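Protein chains in written order, with our numbering: chain A, 355 to 636; chain B, 355 to 636.
First the structure, in the form of structure tokens, and then the observations on it.
There are 2 protein chains.
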Amino acid sequence: MTLEIVSSNKSFGGWHKRYRHRSSTLNCDMVFAVYLPPQAEQGARLPVLYWLSGLTCTDENFMQKAGAQRLAAELGLIIVAPDTSPRGAEVPGDPDGAWDFGLGAGFYVNATQEPYARHYRMHDYVVHELPALIEENFPVSEKRGISGHSMGGHGALVCALRNPGRYQSISAFAPISNPMACPWGEKALGRYLGNDRSRWREWDACALLAETNEKLPILVDQGDRDDFLVNQLKPEALQAAARSAGYPLTLRLQPGYDHSYYFIASFIDDHLRHHSEALSAH
Amino acid sequence: MTLEIVSSNKSFGGWHKRYRHRSSTLNCDMVFAVYLPPQAEQGARLPVLYWLSGLTCTDENFMQKAGAQRLAAELGLIIVAPDTSPRGAEVPGDPDGAWDFGLGAGFYVNATQEPYARHYRMHDYVVHELPALIEENFPVSEKRGISGHSMGGHGALVCALRNPGRYQSISAFAPISNPMACPWGEKALGRYLGNDRSRWREWDACALLAETNEKLPILVDQGDRDDFLVNQLKPEALQAAARSAGYPLTLRLQPGYDHSYYFIASFIDDHLRHHSEALSAH
């Protein structure tokens, strides 16, 4: 697989790089970003944190706004940020041009419905194709963490819970915790997966928590002034599911914080340490 | 003077807020951003760092991308980020629609030429009107620092050097050091100030360094892979001017770094400490 470099910026002694490649999973060209801390040039094999962004985002939002590079450089953590959907003229978006479905809104599922099934396979891209590419091209260890924000928080939880053994650490910021039961999720799951709601369960963190045997501790931060808290994010559903499954979840309600990257930046260091500790353990 | 709140985001225990107000200096509505660290809610009177952004920017670039809030919250430093030019339908821009003059490119001068003289008075806005507004509405001390990037680095140097006693600390990232002798500067100074180049000297950091009696130490960071280094920024001219004037300048050439906010974020902590130390001294 060939990577074409798009841009390169030195950052905290390491490098922020963007690459374009042809995705065989998504049947289109994709761009992703990688932050390589200074240790990557010194021959170390480093753990990787995959960051999944939210609705409307690309690889750029996290890399520009989260302020993660400072501590990642210190911890020796590689961060990989994929795009949030397939892209390109041939990829169908929302028929009404809405921002909560289609382009920028892949929801990290494998679509089964037309016209989406050919391109919208973000789960397989994030869990399989992209890590294979990273592991072929960068000095990475076998350790993988996953985190994300909002739709990407949902993606992080679901990718990890569906694939025991694949990740060694999980966290999320303001995840869509129970997509089967919120407007964003119902719209996306209905169109990508069809109207049979029993098929949605395998893409819902609350449903998956009840079934998994692997119990990696999950760290979730959620602002209590988040405009989407009540209708879309439903952290209380995640907490109830974790409690009933005996799953180790640390849910922190952060007073005064909203849904923005100002919130993410304020707590990203705690998440990087959460991942680094798990990924550096032997 | 009335401030209208535009947005408010909690950030590192403090607040990132944006305000709109009518500027009597610029004869238009202006938006600025302020970061208020947690100490601002605890009754302290805090020093203020004014940040001037570069070509094409608004108040948002620095607040979203520099990662300054973490350390500002720790140091108890208020940061104020104005826009980079007057704005609005009535404000004339570049006649050819270029990005290096007019809207987003006020160059922190007081224009004397038509049709710019009525609105393009960014020096007086940044040095007088905005601080008066800040000092009336926020819990600030008498101490002011100033910094900026590229065109805003030029602005920071020139605002401080023209106004002895007004600022207690100065720094810059990749400043346009000698605008009289680079294409961006020649275009802007020629149009805002007219073709008499003797009038440009009072807006050129290299020329001002030779004349000032106040000698506040200046910290400048400059990436050595900056695409604008040779033709536009000319840090060697600043260094020569400082040397010949006996002016205390610390110019750090940072290997591998470019002109982006990835560069700024990598070194913003050093600048915040540089300012905080000077502004907290008695």
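Built from N, CA and C at the ideal position, the CB exists for glycine as well.
Values in this document were obtained by computation on a predicted structure and should not be read as measured data.
* **Test item: CB-CB of B:Ile618 and B:Ala420 under 8 Å** => yes
* Asked: Do you know offhand how far B:Ser614's Cα is from A:Asn363's?
  -> 8 Å
* **Spatially closest choice to A:Thr604 from A:Val360, A:Glu590, A:Tyr404, A:Asp612, by CA coordinates** => A:Glu590
* Return the bridge partner residues of A:Leu484 from the DSSP annotation. => Its beta-bridge partners do not exist; DSSP assigns none.
* **Validate contact between the region 425 to 433 of chain A and the region 458 to 469 of chain A using beta carbons, cut 8 Å, 3 pairs** => no
* To do: Show which residues of chain B have a CB atom less than 7 Å away from the CB atom of A:Phe455.
  => Here the premise fails: no neighbours, minimum Cβ distance about 26 Å.
* Asked: With DSSP run on the structure shown, which of helix, strand or coil describes A:His628?
  -> helix
* Take every Cβ of the region 430 to 447 of chain A, pair it with every Cβ of the region 366 to 385 of chain B, and state whether three or more of those distances are shorter than 8 Å. => no
* Asked: B:Ala564 and B:Ser531: beta carbons closer than 8 Å?
  -> no
* **Residue from A:Tyr404, A:Ser361, A:Glu444, A:Tyr373 whose Cα sits closest to the Cα of A:Ala526** => A:Tyr404
* Which residues does DSSP pair with A:Gln608 in a beta bridge? -> A:Gly577
* To do: Check whether the Cβ atoms of B:Gly499 and B:Leu633 lie closer than 8 Å to each other.
  => yes
* Asked: What distance in whole Å lies between the Cβ atoms of A:Gly430 and A:Ala398, which are believed to be in contact at a cut-off of 8 Å?
  -> 6 Å
* Should A:Val637 and A:Arg606 be called a contact, given that it needs their Cβ atoms to be closer than 8 Å? -> Examination of residue 637 of chain A is not possible in this model, given that chain A is present from 355 through 636 alone.
* Asked: Would a check of beta-carbon distances place B:Gln423 closer than 8 Å to chain A?
  -> yes
* **Proximity below 8 Å, CB of A:Pro493 to CB of A:Gly507** => no
* Asked: Can you tell which of B:Asn491, B:Glu489, B:Val463, B:Tyr611 has the C-alpha that lies nearest to the C-alpha of B:Glu556?
  -> B:Val463
* If you draw a straight line from the C-alpha of B:Gly577 to the C-alpha of A:Gly368, how long is it? -> 14 Å
* To do: In angstroms with no decimal places, state the Cα-to-Cα distance between A:Leu380 and A:Pro446.
  => 12 Å
* Should A:Gln396 go down as buried or exposed, given a rule of 16 or more other Cβ atoms within 10 Å for buried? -> exposed
* Name the chain B residues whose beta carbon is nearer than 8 Å to that of A:Ser525? -> None at all; the shortest Cβ gap to chain B is about 19 Å.
* **Contact list for B:Asp413 against chain A, beta-carbon separation under 9 Å** => Correct list: empty, because the minimum Cβ distance to chain A is about 14 Å.
* Between the region 366 to 395 of chain B and chain A, which residues of the former have CB atoms less than 9 Å from a CB of the latter, in chain order? -> Phe366, Gly367, Trp369, His370
* Asked: Counting along the chain, where does the beta strand (DSSP E) carrying B:His370 start and finish?
  -> 368 to 377
* Would you report the Cα separation of A:Gln608 and A:Leu406, rounded to the nearest angstrom? -> 21 Å
* From B:Ser630 to B:Ala443, what distance separates their C-alpha atoms? -> 39 Å
* Return no unless some Cβ of chain B is closer than 8 Å to the Cβ of A:Asn363. => yes
* **Among A:Ser504, A:Tyr479, A:Leu592, A:Ala595, the one whose alpha carbon lies nearest that of A:Asp612** => A:Ser504
* Asked: Between which two residues does the alpha helix (DSSP H) harbouring A:Ser598 extend?
  -> 589 to 599
* **DSSP bridge partner residues for B:Ala459 (one or two, in chain order)** => B:Gly456
* Between the Cα of B:Glu568 and those of B:Gln586, B:Leu357, B:Leu626, B:Asn517, spot the shortest distance and give me the residue it belongs to. => B:Asn517
* Asked: Buried or exposed: where does B:Glu358 fall if 16 or more other Cβ atoms within 10 Å of its Cβ makes it buried?
  -> exposed
* Asked: When burial is assigned at 16 or more other CB atoms within 10 Å of the CB, is A:Thr356 buried or exposed?
  -> exposed
* To do: Taking only heavy atoms of the ligand SAH into account, decide whether any of them is closer than 7 Å to the Cβ of A:Gly577.
  => Although the ligand SAH was asked about, the structure shown includes no ligands whatsoever.
* Would you call B:Gly519 buried or exposed, if buried means 16 or more other Cβ atoms sit within 10 Å of its Cβ? -> exposed
* Going by C-alpha distance, which of A:Met534, A:Leu457, A:Tyr601, A:Ser377 is nearest A:Thr412? -> A:Leu457
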